[in-house]
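Asker: One structure, as C-alpha cells, below. Some questions next.
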C-alpha cells in the first residue's frame, strides 16, 4: 500500500489548495451560488438522458411536423427547424460542452505541464527555448490561434479541441515553470540531486508533484473560457457538426430563424452564458485567493 | 532602462519571427494544394504546374519561408487564392471599419470599465462590489456572437430603435458623397461637417459597438479592481490614510494613478481580444471589416488570407503589448 | 479616570479559514503626555496591529476588535466612528511613521506633491503657503537642499532621506501623539542613529508623546522612559525601561536581552502558529519557556507588579 | 451614493441621446426611408419626389470574386450579367436562345461552323462601338486564359472575323454553340481597353461592357454600386433604376429584414421557413419559379460498402424525400426524376423514382448481405447551406433505423471538394451532397460533369464510370444541334442507367423563391442564369 500513501502525499498540496480555495470561495455568497450551479451542471451532464424529455432528439431523431414551435409545456424551450426539442438538446449540450472542455484542458495540461517542468527543472538553454516558444504562442490574441488552427485542420469537434489545446498549453507551462524554478532550490530537491538522482527523475518525481496544485486549480477554472472558445469555433463552423447539439452550433444554426423564433437562439445562449459565468466567477475568486498579495487572512 | 527597452524590442522581434514561422508552418501542413486552387477548377496539370512555379511552391521549404519573410518585411502578405488580389490591399480596405469598432469599444473600456473597477475596489465585498463584479464577469462570460443576435432581436426587431446592420444607410450612401479623408467614416464626416452622415454612422455603430465593447469593459473593470486592491494593500496607502487623507483622495487620486501601469497593459490586451471578437460579430452586423473578411476567407479556404489576417492580428497584438510595456518602462515613477 | 493614553483590555482577532486567530490581547498600557514608550517584540508579535488599531486602520472585515478601549486624551478611540477618526484624529492629533521608508511614499508622486496634499487637507493652506509650509517641514527634519527635494520622486531619495520626508509628513499638522513603527528597521546602521536622534529631538522640541515600536531592546533602553514587551499579542512585561531591560523578570524578556534577535527570516513564524482555544488557556510562552510548570499550561498569567517595580505576566517571575 | 447618482444621470443622458437618434421607435417595419434623426428627415421631405430610383440586391456572399469577366466563375455572375452581355441569351419558356449582341446566327450542315451577325449600333460604356473584332478578342482571350468556365468553349478551333459585323466560329466537334454562347459565365464580350499589357484585367476598370449598367464604385468583398449607362442600346425609361447596389449581407435574417423594411429590393437565399410569413406581408412580393438547381447526394461508387449497387439502392430507398421537401424547402420543390431538373429539356416524368421505403431498403441490404447494417458512412455538405444540413440530418434519422450511422460533416466548399478529390481513397466521403446548376442550359451540362468517366475526379464525385453511359451522352450532345428530339430521348435513356445504378441520390428539383419589395414590376427569373437579376427589366410602381 506504499504507493497509495505516496500517491496521497503527492496529492496533498493539491488537496490543501483545493480545501483552502473551497473555503475562501464558499465564504462569498456569489461564489457559493456559483459552486452550486457548477455542481448542478455536472449532474445535468451526467444524467442528461434521464432529465431530457426527448433524449433521441439530441442524437439523430427528427420530428419535422413540430418544427419551430415556441416554448410550451410539451417543449419547454420550443423546437428547432427539424422539430427537435430544444430543451433536450440544450441539456445534452451541457454534456458535450463540459466533456470537450475537460478534454481540451487535459490535452493542454499534457503538453504544457511536462514542458514547464522541464523548463523550470533544467533551466539554461532548454528553459530559454521553451519559454520563447510560449512567448510566441501567447503573442496571438486568444482565440485567433485556435481559429487559425482549426481552419487549417478542417472542421470537427476533435480538431477544435486540439486547436484549443495547442493554443492554451503555454499558460500552464508558464505556471509550472515558475513553480519549478522555486522548488528546484529547495532542500529535498538538492538532497535528491546530491545522492545522484537523474535530472529527469528529479523533475518528474520531485518537482512535478509539488507544482501541480496551482496549475490544476487554474486549469479547472479555465473551463469556462474553453467552453466559450469551443462555442465560438462551432459558431464559425469550425467545431461541432450537425446534428450534435453543441451550444455554439445551435446558435449558429439559429441565426437563420431567430427573428421569428427567439427561443432558438436564446436558450442555448443562456446555457453558455450561465456555464461560463459560474466558472469565471469561481475562477475570479480563486485568482484572488491564490494571489498572495490579495489573499485575505 | 535602455537595456530593458532593447531587450524587450529584441524579444519582440524574436516573437514576431516565431509568429511568422508558426503561421507559415500552419499553412504548409494543410492537406491542400494551393496551386490547384490558384489555377482554378478544371485546370490542366500543366496549368497547375505553372501555378506551382508561379507561387514558388516548387522551391525547398526554407527558401519559401525566406521569401515569405522578405515579403512580410515589405508589407506584402501574398495573394488571396480566391480573388487573386494582394491581401495587404484587401486588409487595408476592410481595416478602417474594424478599427472604428475597436476604438469605440476601447473608449468604452476606459470610460466605463475603469470607474466600475474603482467603485468595486472601494466597496470590496459589499453589495455594490458583488453587483459590479457580477456585471463585469457577466459581460466577459457572454458569448459575443450570441449577444449580438439578442441585441438585434430586442433593439431592432422588438423596439425598432437601431438598424440591424451595416455601417451606413444605403440611401445616405447613394445620395450623399461620403467624404474620404482618413477612411474612417465617423471621423471624416465629423471633420467635414457632414452631421447627417455622422449621425447615421453613429446610429449604425451602437449595436455592434455595444456587442464588441462588453468584453473589454468587463476585462478592464476586473483588472482595475484587482490592480487597485493590490495597491490599496501597499504601505503608502495605509500611510496616506494615517495622514488623514480622505478615502476619495486616496482612491481616485493616489491609488488610481498607481494603477495606470497594469491598467494600460490590460487595455492593450483588450484591444487584441476585441479584434478577434470582431471575427465573431461583424458578419452578424454586416459590418464590412476585417472580421467579415476572415469569415469569408475561412468559408472559402483562402489559406493565404487566413494567414494574412492571423499574422496581422498577432503583429498588432505584439506591437501593442510592446508599446504598453515600453511606455510603462519609460515612466520612471511607475517602475519601482 | 484613564491616563493621557491608555489601552485597557484590548483584544483583537483575525479571521482565517482555519478559525479565528487572536493577535492582540493587552490588559493595560499607559503612556503619559510627552512621554516616549518603547514597545519591543519579535516580528509578528502584533506591534503593527496595535499601531493600526489605534489609528482605526485595521483591514476590515478580516480584523475584529473584540473588546477593550483605547483612551486618548479622555476619549475612547474605539468608540469613534470612521468619520470622526478621519476628521479629528488621524494626521491631526495622531500620526504614524511606518517601518519601511521604501514603500511608505507613493512612487508616482513627487515629495512636494505628497506633502502638499496633506498640508492642504489638514491645514487648509493654498498656493504659496503650501510651498512655504512644505519647505519648513523639510527643514524641520533637517533635510539638506529641501527646495530641490520637493521636486524629487521617492526613488531618487535614499532610505534615510525618505524616512525624514515621512516624518515631516507625519508631523506636518502638529500631531501630539506619534507612533513610530520600527522607523529604522530597514535602514543602514549609520543612518539609523540620525533618524533616531531626529525623532528624539522632535519629541523634545514639540513635546509630543511617542509610541516607539522596536524589535531591538537596545534602542528602547536609550530612547524610552517606559518600555513594554509584547509576546504573541500579549504584554508580558511593562515598566520603566531600565527595570524592564536591566532587571527583566519575564523569561521571554530575558531571552530577548541575552540574544537580541536579529533573524529577520523569523518574520512569519507567528502567522503560521495557530492559537487553538485550548492553548489560549495558558501562557503563550509555555512551549518555549524552560521554566514552565503545569500552572503555566493551565492558566493565563496576568500582569502583576513585581518585586522590582515593573509589571510582569509570569507565574515564575518571582521564583527565579 | 453620490457617485451612483452621477452614474445613473449619465446613463439616463446616454439613453436619451440614443433614443433621440433612434427616430421612429414604433415602426420597425416601415419601408424605405430609413429612420434618421428627426430634423434632417423633415428637411428632406420636399426633395423626396425627385428621389433617384435605386435598387439594392442583398446577396449572401461577396458580390464578385474577380473583376475579369473571362475568369469570374462565381458570385460575380450577378454583377457581370448586368454590366456585360453575351451574343445570345437563353429563354427558358421557349427553350431556345434569343438574340442579344448577335442579331442572328447560322450553323452549317455539319454543325461545325457557326456564324454570328453582330448587332448594329451597340456601344461599349466607354463610347467605342462594338465590332466583330471585339467578339473575337473577348472569346479568344477567355479561352487563352483558360480559367473559370472557359472550358465551355473547348469545341472551338478558331474564330475569324468575316467583316466588322460578322464573326465565324470553327468547331472541332459538334456542340450546340448557341447554348455555349448564352452562358452566364465566360461568354461575355468586353472591351480590350480594360486589359493591360500583361493580359491582366485592370482592377475596377470602368466602361468595359455593353450592358445597361456601368461600374460606379466598389468596396471589395462588401458591395458594388453600378449606375446606368445612358447610351445603352436597349434604351432607358424614366422608371428604370438608375443605380443598383450589389451588397453582401451574410445573414439570411438580415436579408429578410432588409426586404421587409424596403432597404433591399431583391434578396437571395431566404430561409424557406420565412416564405409563408413573407407572403402575408403586403410590402413584399414572393414569386416562385422553377429553377435549374437540384440537390443531389452522390454515392461513392468505388468505396465499400457503397460499391455494392444493392446497398446504394437501399440507401436511395431510405431517403425521406417528401419529408425533406416539406421540411427543408417548405414544399417549394419536387422530387427529382433523375439528374436533369424540372423545366429543362431532358427532364422526364417517365423515369422511375425511388420512393421512401424502409422495408424495401432492409430487403436490399439483406440481399447485399448486410441485413443489420452496422456500418458508418460519411456525408459531406457545404457548410452554411441550411437546406443541405437539414436534409442530411433528416437522412441520418432514417438511416439510424437501418442501424447505419451517418456522420455529417459540414465543410467549406473547397475543403469538401478537396476531400472528394483526395488521393487517400479511404479518406474520401461516402455521400457528397451538393446543389448542382447548369453552366449552360443543356442536359449535357448536368450529366457530363457529374457522371461522365473522369481520370481524375473533378465533379464526378460519385467516381461513376460506365462506358455505356458515357457514349450515350456524348452522342446525344453532338446530336443536339441537328436532331433535338433524338438527343433528348437519349439523355433520358442515360439517366435511366444512373437510376438503376443508384449512382446518386436525386433529391429534389428546387423552386426558386424570389422575395422582392411589393411594388417591384417586370421581375422575371431566368433559371439559365441562376440568381441573376436583370435590373434593366425592372422598375418600381
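Protein chains in written order, with the numbering used here: chain E, 9 to 305; chain W, 283 to 618; chain H, 51 to 370; chain X, 473 to 1013.
Ideal Cβ positions, reconstructed from N, Cα and C, are used throughout, including at glycine.
Quick check on this structure: which residue in H:74, H:58 and H:57 has the alpha carbon closest to the alpha carbon of residue 65 (chain H)?
Answerer: Out of H:74, H:58 and H:57, H:74 has the C-alpha closest to the C-alpha of residue 65 (chain H).
Asker: Give me the Cβ distance between residue 92 (chain H) and residue 265 (chain H), rounded to the nearest whole Å; I'm assuming they're in contact under 8 Å.
Answerer: Sure, about 6 Å apart at Cβ, within 8 Å.
Asker: Quick one: does residue 495 (chain X) have its CB under 8 Å from some CB of chain E?
Answerer: With a pLDDT of 36 at residue 495 (chain X), under the threshold of 50, the predicted position of this residue should be treated as unreliable, though the coordinate-derived value follows. Not closer than 8 Å to any Cβ of chain E, the Cβ of residue 495 (chain X) fails to qualify, so no.
Asker: Which one of X:1008, X:960, X:534 and X:948 has the shortest CA to CA distance from residue 723 (chain X)?
Answerer: When each option's Cα is compared against that of residue 723 (chain X), the closest is X:534.
Asker: Who are the near neighbours of residue 609 (chain W) in its chain, counting only those whose CB is closer than 7 Å to its CB and skipping five residues on each side?
Answerer: Closer than 7 Å at Cβ, skipping near neighbours: 546.
Asker: Could you say if the region 51-63 of chain H and the region 592-605 of chain W meet the contact criterion of at least three C-beta pairs nearer than 8 Å?
Answerer: Short answer: they don't touch.
Asker: Evaluate contact between the region 199-214 of chain E and the region 113-131 of chain E, counting only Cβ atoms and requiring at least three cross-stretch pairs below 8 Å.
Answerer: Yes, the region 199-214 of chain E is in contact with the region 113-131 of chain E.
Asker: Please classify residue 328 (chain H) as buried or exposed, where buried requires at least 16 neighbouring CB atoms within 10 angstroms.
Answerer: Any answer about residue 328 (chain H) is weak, because its pLDDT of 41 lies below 50 and its placement is not dependable; what the coordinates show is given next. By the 10 Å Cβ count, residue 328 (chain H) comes out exposed.
Asker: Between residue 306 (chain W) and residue 580 (chain W), what straight-line distance do the alpha-carbon atoms span, to the nearest angstrom?
Answerer: Distance between the alpha carbons of residue 306 (chain W) and residue 580 (chain W) is about 16 Å.
Asker: Would you tell me roughly how many angstroms separate the C-alpha atoms of residue 562 (chain X) and residue 655 (chain X), rounded to the nearest one?
Answerer: Residue 562 (chain X) and residue 655 (chain X): Cα-Cα distance of roughly 8 Å.
Asker: Please list the terminal residues of the continuous alpha helix (DSSP H) segment that includes residue 480 (chain W).
Answerer: Note, residue 480 (chain W): alpha helix (DSSP H), 477-514.
Asker: Is residue 384 (chain W) buried or exposed, if buried means 16 or more other CB atoms sit within 10 Å of its CB?
Answerer: Residue 384 (chain W) is buried by the Cβ-count criterion.
Asker: In three-state DSSP terms, what is residue 530 (chain W)?
Answerer: Helix, per DSSP.
Asker: When the Cα of residue 717 (chain X) is compared with those of W:349, W:457 and W:433, which residue comes out closest?
Answerer: Residue 717 (chain X) has its Cα closest to that of W:457, out of W:349, W:457 and W:433.
Asker: Quickly, what does DSSP pair residue 871 (chain X) with across the bridge? List them, please.
Answerer: DSSP output for residue 871 (chain X) lists no bridge partner at all.
Asker: For residue 61 (chain H), which residues does DSSP report across the bridge?
Answerer: DSSP lists H:75 and H:117 as partners of residue 61 (chain H).
Asker: For residue 276 (chain H), which three-state DSSP category applies?
Answerer: In the structure shown, residue 276 (chain H) sits in a strand (DSSP, three-state: E or B).
Asker: Which ranges would you report for the alpha helix (DSSP H) in the region 177-252 of chain E if only whole runs of at least 4 residues count?
Answerer: Qualifying alpha helix (DSSP H) stretches, in chain order: 195-202 and 216-243.
Asker: Below 9 Å between beta carbons is the criterion; list the residues of the region 498-528 of chain W that meet it against any residue of chain H, in chain order.
Answerer: Within the region 498-528 of chain W, the residues whose Cβ lies closer than 9 Å to some Cβ of chain H are 515, 516, 517, 518, 519, 520, 521, 522, 523, 524, 525, 526, 527 and 528, listed in chain order.
Asker: DSSP three-state call for residue 883 (chain X): helix, strand or coil?
Answerer: Looking at residue 883 (chain X) - three-state DSSP - the assignment turns out to be strand.
Asker: Using three-state DSSP, classify residue 630 (chain X) as helix, strand or coil.
Answerer: Three-state result, residue 630 (chain X): strand.
Asker: Could you give the distance in angstroms between the alpha-carbon of residue 106 (chain H) and the alpha-carbon of residue 350 (chain H)?
Answerer: About 28 Å.
Asker: Would you mind telling me which residues of chain E sit closer than 9 Å to residue 599 (chain W), beta carbon to beta carbon, in chain order?
Answerer: Result: 147, 148, 149 and 152.
Asker: Using alpha carbons as the reference points, say which of E:267, E:149 and E:293 lies closest to residue 561 (chain W).
Answerer: For the residues E:267, E:149 and E:293, the minimum Cα distance to residue 561 (chain W) belongs to E:149.
Asker: Using the Cα positions of residue 357 (chain H) and residue 368 (chain H), report the straight-line distance between them to the nearest angstrom.
Answerer: Approximately 8 Å between the Cα atoms of the pair.
Asker: Cβ of residue 570 (chain W) less than 8 Å from any chain X Cβ?
Answerer: Interface residue, yes.
Asker: Can you tell me where the beta strand (DSSP E) holding residue 764 (chain X) begins and where it ends?
Answerer: Where residue 764 (chain X) is concerned, the enclosing beta strand (DSSP E) stretches over 756-771.
Asker: How about residue 96 (chain E): is its C-beta nearer than 8 Å to some C-beta of chain X?
Answerer: So, not an interface residue.
Asker: Would you call the region 764-782 of chain X and the region 889-903 of chain X in contact, with 3 or more CB pairs under 8 Å?
Answerer: Yes, the region 764-782 of chain X is in contact with the region 889-903 of chain X.
Asker: Can you grab the Cα-Cα spacing for the pair residue 574 (chain W) / residue 896 (chain X), in whole Å?
Answerer: Their Cα atoms are separated by approximately 33 Å.
Asker: With DSSP run on the structure shown, which of helix, strand or coil describes residue 65 (chain E)?
Answerer: Residue state, collapsed to three classes: helix.
Asker: Should residue 766 (chain X) and residue 824 (chain X) be called a contact, given that it needs their Cβ atoms to be closer than 8 Å?
Answerer: Cβ atoms of residue 766 (chain X) and residue 824 (chain X): not closer than 8 Å.
Asker: Counting contacts by CB-CB distance shorter than 8 Å, is residue 76 (chain E) in contact with chain X?
Answerer: So yes, residue 76 (chain E) belongs to the interface.
Asker: Could you list which residues in chain W have their beta carbon closer than 7 Å to that of residue 526 (chain X), in chain order?
Answerer: The contacting residues are 456.
Asker: Could one say the Cβ of residue 314 (chain H) lies closer than 8 Å to chain W's Cβ atoms, at least one of them?
Answerer: In this prediction, residue 314 (chain H) has a pLDDT of 43, which is less than 50 and means its spatial position is unreliable; nothing more can be read from the coordinates.
Asker: Here's the rule: buried if 16 or more other CB atoms are within 10 angstroms of the residue's CB, otherwise exposed. What is residue 770 (chain X)?
Answerer: Burial call: buried.
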